[in-house]
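Letter 88 of the sequence shown, counting from 1, is numbered 100 in my numbering, and no numbers are missing. The beta-carbon is built from N, C-alpha and C at its ideal position, and this holds for glycine as well. Below you'll find the structure, written out as structure tokens, and then a few comments.
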Amino acid sequence: PGVLVPRADSETLLEAAVEHFRGHPPATILDLGTGPGTLLLAALDQWPEAHGLGIDASDEALGYARRNAEALGSTSRAVFRTGNWAHGVAGHFDLIFSNPPYIGTAETLPDEVREHEPATALFAGPDGLADYRIIAPQLPALLAPGGAAILEIGATQAASVTALLEAEGFAVALRHDLGGNPRALIATQRT
């Protein structure tokens, strides 16, 4: 379809956000690699006073995101912009989501995924970490005090991505998906 198909595993990121922001909802949300806007729009539905910015390199994906925002009545609270991760993004955000490509180029995928979803939304270099290496150093300048950056990871990447986030000064917690697989890392400023 020209965009990554949203999967139930990504719900883990929203669940982690709801838990983190219990009692103090986020006002500003950034979604890096927003695709069709699924995470950002779900978060805006969860927190009706919040506003969000979705960034994606794919104009086609952003077209889906804008149409989804319109269908959900969220156009006044969701802005979508073409970009390369957080390059050129200014300001501080209470909540940052990112579900970047995290599959290594040599990994095998089911035909229905490999043939119907854009490679740029799936693959991230030989080890699947190329985009995390770009995103992690961008987060300290963007995350507001008390905020959380929540990143989706592949099942074998928790240690590697945790190390990248810790190198940027974050405390990192791991969250598993419904299948019991490592699925999300929650990065917060060390206190």
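Count the other C-beta atoms from every protein chain shown that fall within 10 angstroms of the C-beta of residue i, then say buried if there are 16 or more, exposed otherwise.
{"i": "residue 173", "result": "buried"}
{"i": "residue 11", "result": "Outside the shown range of the chain, which is 13 to 203, sits residue 11, and nothing can be said about it."}
{"i": "residue 43", "result": "buried"}
{"i": "residue 168", "result": "exposed"}
{"i": "residue 61", "result": "exposed"}
{"i": "residue 85", "result": "exposed"}
{"i": "residue 71", "result": "exposed"}
{"i": "residue 46", "result": "buried"}
{"i": "residue 73", "result": "buried"}
{"i": "residue 181", "result": "exposed"}
{"i": "residue 184", "result": "buried"}
{"i": "residue 80", "result": "buried"}
Just to confirm before moving on: does the CB-CB distance between residue i and residue j stay below 8 Å?
{"i": "residue 52", "j": "residue 75", "result": "no"}
{"i": "residue 69", "j": "residue 26", "result": "no"}
{"i": "residue 56", "j": "residue 89", "result": "yes"}
{"i": "residue 163", "j": "residue 197", "result": "yes"}
{"i": "residue 41", "j": "residue 106", "result": "yes"}
Rounding to the nearest angstrom, what Cα-Cα distance links residue i and residue j in this structure?
{"i": "residue 153", "j": "residue 170", "result": "23 Å"}
{"i": "residue 176", "j": "residue 34", "result": "27 Å"}
{"i": "residue 94", "j": "residue 111", "result": "16 Å"}
{"i": "residue 179", "j": "residue 58", "result": "31 Å"}
{"i": "residue 92", "j": "residue 48", "result": "10 Å"}
{"i": "residue 188", "j": "residue 109", "result": "16 Å"}
Check: Do three or more CB pairs link the segment 191-201 to the segment 149-163 at distances below 8 Å?
Finding: These segments touch.
Notebook entry, point to check: Which parts of the segment 132-182 are runs of the alpha helix (DSSP H), unbroken and 4 residues or longer, counting only runs that do not cross its ends?
Noted result: The segment 132-182 contains these whole alpha helix (DSSP H) runs: 142-154 and 170-179.
Checklist line | beta strand (DSSP E) segments (min. 3 residues) lying fully within the segment 36-79 | finding: Taken in chain order, the unbroken stretches of beta strand (DSSP E) that lie wholly in the segment 36-79 and span 3 residues or more are 40-44 and 63-68.
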